[in-house]
Amino acid sequence: MYAVIDIETTGGSAQRDRIIEVAVFVYDGSDITDSFVTLVNPERSIPYFITRLTGITDQMVAHAPRFCEIARKILEITENITFVAHNVSFDYNFIRQEFLRLGYDYRRPKLCTVQLSRKYLPGYRSYSLGNICKELDIEIDYRHRAAGDAPATIKLLNYILEIKETGDFDELSEKIVSPEYEMIRNLPETTGVYYFFNDKNEIIYIGKSLNIRERVKTHLLQCNTRRAVEMKNAIAGVGYEETGSELVALLFESHEIKRVKPLYNRSQRRTLAQYGLYYAYDDNGYMNLIIDKTSRNEVPVSVYSSKTASREHLFAITSKFGLCQKLCGLYQTQNSCFQYSIGQCKGACLGREKPDEYNKRVKMAIDSLAIGSENIFIIGNGRHDKERSVIKIEQGKYIGFGYFDPAALNGNPEILDDCIRDFEDNRDTRQIIRSYLRHNEKDLRFETRLKANNTMVYIYLENDCCF
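Residue numbers for the sequence shown, in my numbering: 1 to 467.
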């Protein structure tokens, strides 16, 4: 017996977001023997982009039951039955998290139709529910609604059952060989942020990766230090949030570590920006670039995770803009710097280049490091083929990120504003964005003007993302 389940949620994080619709169909391999479908009141507002995707509004769930009111029904209808879903870890983790909020440890054997499809239906370009069903001529009524996607999952399951002679999936169901195997096998091989939980359901570590599954596997199977072994032994569960975009993953990881302060992220609880690049005028009127710890009261021109990284970057700046290594604190001498002796310094260290001329290049270097006062949208990959991520920077300040359907954009960039979820702007986020802009100058960039307030914005396409 299978309990084929689909849910709709307020977002992608089981720890932070909530269920807004659930559909459960009990299937015996030939017939549906029982079902339960309902909207769920998430006790919070539904983000605009979720409403656009699912059609579910705040008004629709206002008088719907809360999860605590349907929990007993879900327990009963799934009792002694295998929990089946397309990308089962997503649906299972959300439902399990809802039960954990109620103080109940919900566990069921799981089966993933994505994994089944990859094993028994090889060769397709995409195994998303919409795409694989389209390839197999399986109709989906009410796409992105639980009541429509769950029946389509049953049809897909039945299609695979007919291919496989024995009619059971013990080798793919989660009758676990080891705890590590259970935690790894249903993780996606996609970009995002992952969470390690202890047996009290507390987050003890947060990380990000271009391949969540492989990175978690490394944590669990390759423990080379005493601290790594200690953390592994404390892990009781793994959660994740796909981001699609590596830049979004970096920003979200930084935010989550500061928010949660996990035990094993001790070094990352503090700001990543340990050192900053500052400037000051010396007695002769020359602008000196100075590396110092970010505890200073001044706002740094740029920030770095280590002194080594800051010095390496400053060497690159002096070379690019023809600055004096002595005035930048990179060459300790009473006389001229070495660069002057080989013709790469114009003699500011000896007073042979006037301060005004030298300072122009210092200001050019500073301007090249700043995010500036531009309004920027950075478009990247989304969590699936028909979605894109967007990061917003307003007058040099990080505002946040979100996701949108490029088909709904219809040439109107104003819609991007509606997708943004606000996050804190701080030194680390600015450093992450500044580093991206510095290392991705070749990313496609174009400008447009917003009609609402006639504001000019610049749009970057991360890693040549198709937009």
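Note that beta-carbon positions come from the ideal geometry of N, C-alpha and C, so glycine has one too.
- Annotation: residue 102 to residue 144 spans about 27 angstroms, alpha carbon to alpha carbon.
- Restricting attention to 429, 403, 53 and 194, the CA atom closest to the CA of residue 393 is found in 429.
- DSSP places residue 147 in the uninterrupted alpha helix (DSSP H) bounded by 146–163.
- At a Cβ-Cβ threshold of 8 angstroms, residue 339 and residue 325 count as neighbours.
- Taking the C-beta atoms as reference points, residue 116 is found no nearer than 8 angstroms to residue 82.
- Uninterrupted beta strand (DSSP E) stretches at least 3 residues long and entirely within the region 288–336 occur at 302–304, given in chain order.
- DSSP places residue 58 inside the alpha helix (DSSP H), whose first and last residues are 58–61.
- Within its own chain, the residues whose Cβ lies closer than 6 angstroms to the Cβ of residue 42, once the five positions on either side in sequence are excluded, are 10, 18 and 20, listed in chain order.
- Residue pairing of residue 25 in beta bridges, as defined by DSSP: 4 and 35.
- In the displayed model, residue 342 falls within coil according to three-state DSSP, outside both helix and strand.
- Rounded to the nearest angstrom, the Cβ distance from residue 113 to residue 84 is 7 angstroms, consistent with a contact under 8 angstroms.
- Ranked by Cα distance from residue 300, the first of 230, 279 and 227 is 279.
- If you keep only unbroken beta strand (DSSP E) runs of at least 3 residues inside the region 371–397, you get 376–381 and 388–394.
- In the DSSP assignment, residue 240 falls within the beta strand (DSSP E) that extends over 237–242.
- Collapsing the DSSP output to three states places residue 223 in coil.
- A distance of 8 angstroms or more separates the beta carbons of residue 14 and residue 87.
- Around residue 61, the same chain offers 20, 39 and 41 as residues with beta carbons nearer than 6 angstroms, after the five sequence neighbours per side are excluded.
- A Cβ-Cβ contact shorter than 8 angstroms links residue 207 with residue 215.
- The C-alpha of residue 27 is placed about 5 angstroms away from the C-alpha of residue 2.
- Secondary-structure assignment with DSSP links residue 281 through a beta bridge to 287.
- When DSSP states are grouped into helix, strand and coil, residue 46 belongs to the coil group.
- Nearest to residue 416 by C-alpha distance, out of 459, 433 and 395, is 459.
- Within a 10 Å sphere around the beta-carbon of residue 337 sit 16 or more other beta-carbons, which makes this residue buried.
- If the five residues before and after residue 240 are omitted, its C-beta is found closer than 6 angstroms to the C-beta atoms of 192, 194 and 212, all from its own chain and listed in chain order.
- Here the alpha carbon of residue 55 sits roughly 44 angstroms from the alpha carbon of residue 368.
- By the Cβ-count criterion, residue 68 is exposed, with fewer than 16 other Cβ atoms from all chains shown falling within 10 Å of its own Cβ.
- Excluding residues up to 5 positions away in sequence, 160, 163 and 164 lie with their Cβ nearer than 7 angstroms to the Cβ of residue 120 in the same chain.
- If the five residues before and after residue 366 are omitted, its C-beta is found closer than 6 angstroms to the C-beta atoms of 301, all from its own chain and listed in chain order.
- The beta strand (DSSP E) runs of length 3 or more contained entirely in the region 57–123 are, from start to end of the chain, 82–85 and 110–112.
- In this structure residue 8 touches residue 146 by the C-beta definition: roughly 5 angstroms separates them, less than 8 angstroms.
- In this structure, residue 379 keeps its C-beta atom at 8 angstroms or more from the C-beta atom of residue 401.
- The three-state secondary structure of residue 422, taken from DSSP, is strand.
- Apart from sequence neighbours up to five positions away, the residues of its chain that approach residue 6 with a beta-carbon distance below 7 angstroms are 23, 85, 91, 146, 149, 150 and 153, ordered along the chain.
- Listed as beta-bridge partners of residue 461 by DSSP are 379.
- Taking the Cα of residue 422 as reference, the smallest distance to any Cα among 397, 356 and 201 is reached at 397.
- Under the DSSP assignment, residue 195 falls in the beta strand (DSSP E) whose first and last residues are 192–197.
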